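In the numbering used here, each residue carries its 1-based index in the sequence shown increased by 889. What follows is a short report on a single structure.
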Amino acid sequence: MKKYIFFLLLGCIVLFTSCLKSGLDDIEDSDQCSISSLTMEYRWITQNANGYDQLSRQQMTLSGTTPNENNEIHITVTVPSASSSFPKEVRQHVSLDGLYLIAVISSAAKIIPLEGAPSLGVPETFEIGKDYRYEVTAANGKKAVYRIIIEDFIK
């Protein structure tokens, strides 16, 4: 019986230990607070072959998705052509109302919208030429404000 308990304890020790030995402090002290890229997508509900609802999505084509030296991102949103996975009937409904904006930011950083800017990752309404500001905060507290401006919407 003691033999089984020994092996059980030994197994637990091996199972519940971490292999990560270094690099943990690097993230806590990181001063990186940047947006590396942006994407926008349109989402809609379709029914699969079994009649169940299924989330479908189509990524918009964006130009200028990386910030310039002034932390500004000027983008042109282009709706892709219709295809088998993006039907013409769905494409007709795509506008700047209801798009999802997604930002890739630095590890361990946080991003918040400022001054009424649309939230990220949820359907929002966007306007051409409007200045949207987002604050990115690094793990060590350093902050940077980014401006996102939609220059054009091409359908």
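Heads up, the beta-carbon is just placed ideally off N, CA and C, and yes, glycines get one too. Values in this document were obtained by computation on a predicted structure and should not be read as measured data.
Nearest neighbour of L1009 by Cα position, chosen from K1019, S996, L988, E958, turns out to be L988. DSSP links H963 through a beta bridge to I1038. Taking the Cα positions, W933 is about 8 Å away from V979. Bounds of the alpha helix (DSSP H) holding V979 are 977-980. With a minimum length of 4 residues, the unbroken runs of alpha helix (DSSP H) contained wholly in the segment 969-1008 fall at 977-980. Residue burial is scored here from C-beta neighbours: Q943 has fewer than 16 other C-beta atoms within 10 angstroms and is therefore classed as exposed. Rounded to the nearest whole angstrom, the CA to CA distance from T950 to N1029 is 34 Å. Residue state for E958 is assigned as coil, using DSSP reduced to three classes. The continuous stretches of beta strand (DSSP E) do not include Y941, and DSSP gives it neither H nor E.
For D920, same chain residues with a beta-carbon under 6 Å away, outside a window of 5 residues either side, are A1027, N1029, K1031 in chain order. In terms of CA proximity to S972, S945 leads the group S945, H963, G940.
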